[in-house]
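Mapping of the sequence shown onto our numbering: position 157 corresponds to residue 165, and the numbering continues sequentially without gaps.
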Amino acid sequence: MGQKILLESGTNEVEILEFYLGGQEYGINIAKVAQIIPFDPARLTRVPSSHQAVLGALLWQDRTIPLIDLGRMLGLSSGETVERPIVLVAEFNSVVNGFLTDGVNRIHRLSWERLDPMSPLLEAHASHCTGSIRVESRDVLLIDFECIIAELFPETSIAYHDVGISPVAERGNKHVVFAEDSNFIRTMLGSHLRAAGYTGLEIFENGADALRYVEQTRQRAAAAGEPLTTQLDLVVSDIEMPVMDGLALCRRLKLELGLDVPVVIFSSLINEAMEQKCREVGADANLNKPRLDQLVEVMDHLLGIA
9 MGQKILLESG TNEVEILEFY LGGQEYGINI AKVAQIIPFD PARLTRVPSS
59 HQAVLGALLW QDRTIPLIDL GRMLGLSSGE TVERPIVLVA EFNSVVNGFL
109 TDGVNRIHRL SWERLDPMSP LLEAHASHCT GSIRVESRDV LLIDFECIIA
159 ELFPETSIAY HDVGISPVAE RGNKHVVFAE DSNFIRTMLG SHLRAAGYTG
209 LEIFENGADA LRYVEQTRQR AAAAGEPLTT QLDLVVSDIE MPVMDGLALC
259 RRLKLELGLD VPVVIFSSLI NEAMEQKCRE VGADANLNKP RLDQLVEVMD
309 HLLGIA
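Now the structure itself:
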């Protein structure tokens, strides 16, 4: 399922699979879902000393994958036993995991503009959610699956792939725009990029805010009689973001505005089909999270830093 990306490139649309836990509706980008299967306890092997939310190793397509009790991870009360629980097999960050849910409802196709970011007042209490969408008078919360996996398996996180990147003074002369909706990843990635020497970093939580900044920067450069490249060197963007996603941002910058500024797509969704979409919107490079070391290498290459 994850290989079939039917939406056109850069249209700012997304397909959200609605599922439920304990009576509340939640959502996941269908591009992350490899398969939806009924839970079969006979295919589960318990793993000693694992996190309380990790139920064990689930046999799936002749391989074993971690099975995560999503309700327990989100701190939901167990409630009544579900008669036919469903497993969402999800692939992102180049790894596959299973998430146990109470069931699935349907797929909603909508614009990223309809996604409301999580209120700053609620972020501390809903760190595993990135926002919500209003569907048929219901609020569907979008889960930050990347944050969950990073907590459970730190070796998959951005911090693990820092690998002690040495700072380079020349990086400090570069002006970089970075767009990422996950507060967890924004904070982590911003900290590590600055430690690597990229101190001229402007960070935004969605593509629309990043685009607004780039347009304002272009206006300032024009007023000073200078090209944009004197004030902006590179844009790095996630794909999944409220209001405007990374593909729509890239399309706007490269194909509609015709800006001669390199754009890197840094996302958990990169696969062969998504690589093609990145090329279609004019991205100069794309790579899968969480490889911070590779990101810095690509940034250095595009900026001519030895």
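Think of the CB as a built atom: it goes at the ideal place given N, C-alpha and C, for glycine as much as any other residue. Please read these numbers as outputs of a predicted model, since none were measured by experiment.
Checklist entry - Between L29 and D110, what straight-line distance do the alpha-carbon atoms span, to the nearest angstrom? => result The residue given as residue 29 occupies position 21 in the sequence shown. The residue given as residue 110 occupies position 102 in the sequence shown. Each residue's Cα considered, the two are about 5 Å apart.
Checklist entry - In whole angstroms, what separates the C-alpha of I211 from that of E91? => result As a first step, residue 211 must be located in the sequence shown, where it is residue number 203. As a first step, residue 91 must be located in the sequence shown, where it is residue number 83. C-alpha separation (whole angstroms): 45 Å.
Checklist entry - What residues in its chain sit with their C-beta under 6 Å from that of V143, if we drop five residues either side in the sequence? => result In the sequence shown, counting from the first residue as 1, residue 143 sits at position 135. Excluding positions up to five away in sequence, the list reads H116.
Item to check | alpha helix (DSSP H) segments (min. 4 residues) lying fully within the stretch 200-238 | outcome: 215-231
Next on the checklist: If I follow the unbroken beta strand (DSSP E) through H116, where does it start and stop?
Outcome noted: Counted from its first residue, the sequence shown places residue 116 at position 108. Segment G111 to S119, the beta strand (DSSP E) holding H116.
Next on the checklist: I'd like to know if the stretch 248-262 and the stretch 287-298 are in contact, where contact means that at least 3 CB-CB pairs between them fall below 8 Å.
Outcome noted: yes
Checklist entry - Can you tell me the Cα-Cα spacing of V244 and N214, whole angstroms? => result In the sequence shown, the residue the question calls residue 244 occupies position 236. In the sequence shown, the residue the question calls residue 214 occupies position 206. Spanning the two alpha carbons is a distance of roughly 12 Å.
Checklist entry - Since C137 sits in a beta bridge, which residues does DSSP pair it with? => result Within the sequence shown, residue 137 is the residue found at index 129, counting from 1. I151.
Next on the checklist: Considering only the alpha carbon of each residue, which of K182, A256, P49 and F100 lies closest to Q319?
Outcome noted: The structure shown does not extend to residue 319, since the chain is modelled only from 9 through 314, so no value can be given for it.
Item to check | Sub-7 Å separation of P250 and L123 beta-carbons | outcome: Reading the sequence shown from its first residue, position 242 is the one you call residue 250. Reading the sequence shown from its first residue, position 115 is the one you call residue 123. Yes, they are a contact pair.
Item to check | Three-way DSSP call (helix, strand, coil) for E288 in this model | outcome: As a position in the sequence shown, residue 288 is number 280, starting the count at 1. In the structure shown, E288 sits in a helix (DSSP, three-state: H, G or I).
Next on the checklist: With H, G and I counted as helix, E and B as strand and the rest as coil, what does DSSP make of D3?
Outcome noted: Lying before the first or after the last residue shown, residue 3 is absent from the chain, which here runs from 9 to 314.
Item to check | Span of the alpha helix (DSSP H), counted from its first residue to its last, around G35 | outcome: By one-based count along the sequence shown, residue 35 stands at place 27. It is not in any alpha helix (DSSP H) - G35 instead sits in the beta strand (DSSP E) that spans Q32 to N37.
Item to check | Identity of the residue in L118, N191 and A204 nearest M126 by Cα | outcome: Position 118 of the sequence shown, counted from the start, is the residue given in the question as residue 126. Of the listed residues, the one whose Cα sits closest to M126 is N191.
Next on the checklist: In this structure, how does DSSP classify V306 when only helix, strand and coil are distinguished?
Outcome noted: The residue you call residue 306 lines up with position 298 of the sequence shown. The answer is helix: DSSP assigns V306 an H, G or I state.
Item to check | Presumed contact (8 Å Cβ cut-off) between I24 and I45, rounded CB distance | outcome: In the sequence shown, residue 24 corresponds to position 16, counting from 1. In the sequence shown, residue 45 corresponds to position 37, counting from 1. Not a contact, Cβ separation roughly 19 Å.
Checklist entry - In whole angstroms, what is the alpha-carbon distance linking R186 and A50? => result Looking up residue 186 in the sequence shown gives position 178. Looking up residue 50 in the sequence shown gives position 42. First, the amino acid is wrong: residue 186 is Phe here, not Arg. So the alpha carbons of these two residues sit roughly 45 Å apart.
Next on the checklist: Please tell me whether L257 and H183 are closer than 7 Å, where the distance is taken between their beta carbons.
Outcome noted: Within the sequence shown, the letter at position 249 stands for residue 257. Within the sequence shown, the letter at position 175 stands for residue 183. With respect to H183, L257 sits apart: the two C-beta atoms are not nearer than 7 Å.
Item to check | Of the listed residues V97, D217 and V176, nearest to F153 (C-alpha basis) | outcome: If you number the sequence shown from 1, residue 153 lands on position 145. Closest by alpha carbon: V97.
Checklist entry - Is DSSP giving P74 helix, strand or coil here? => result Numbered from 1 along the sequence shown, position 66 holds the residue referred to as residue 74. In this structure, P74 counts as strand in the three-state DSSP scheme.
Checklist entry - If you draw a straight line from the C-alpha of C137 to the C-alpha of Y34, how long is it? => result For the purposes of this step, residue 137 is taken as the residue at position 129 of the sequence shown. For the purposes of this step, residue 34 is taken as the residue at position 26 of the sequence shown. Roughly 9 Å between the two C-alpha positions.
Next on the checklist: If distances are taken between C-alpha atoms only, which option among L311, L310, S17 and N296 comes closest to T164?
Outcome noted: Start at 1 with the first residue of the sequence shown, and residue 164 comes out as number 156. Taking only the C-alpha atoms, the option nearest T164 is N296.
Checklist entry - On the premise that L66 lies in contact with I73, defined as a C-beta separation below 8 Å, what is that separation, rounded to the nearest angstrom? => result For the purposes of this step, residue 73 is identified with residue 65 of the sequence shown, where counting begins at 1. For the purposes of this step, residue 66 is identified with residue 58 of the sequence shown, where counting begins at 1. About 6 Å separates the beta carbon of I73 from that of L66, a gap short enough to meet the 8 Å contact definition.
Next on the checklist: Pull the bridge partners of R142 from the DSSP assignment, please.
Outcome noted: Taking the sequence shown and counting its residues from 1, the one referred to as residue 142 is at position 134. DSSP output for R142 lists D147 as bridge partner(s).
Checklist entry - Looking only at its own chain, which residues have a Cβ that is under 8 Å from the Cβ of D189, when we skip the five neighbours before and after it? => result On the sequence shown, position 181 is the one that residue 189 refers to. Once the five neighbours on either side are set aside, the close Cβ partners of D189 are P125, T138, G139, E213, N214, D246, E248, M249 and P250.
Checklist entry - Beta-carbon separation of K285 and S17 under 7 Å? => result For the purposes of this step, residue 285 is identified with residue 277 of the sequence shown, where counting begins at 1. For the purposes of this step, residue 17 is identified with residue 9 of the sequence shown, where counting begins at 1. Contact: yes.
Checklist entry - How many angstroms separate the CA atom of Y221 from the CA atom of L236? => result Taking the sequence shown and counting its residues from 1, the one referred to as residue 221 is at position 213. Taking the sequence shown and counting its residues from 1, the one referred to as residue 236 is at position 228. Rounded to the nearest angstrom, the two C-alpha atoms are 12 Å apart.
Next on the checklist: What does the Cβ neighbour count give for E234, buried or exposed, with the cut at 16 atoms within 10 Å?
Outcome noted: Taking the sequence shown and counting its residues from 1, one reaches residue 234 at position 226. When all chains shown are included, E234 counts as exposed.
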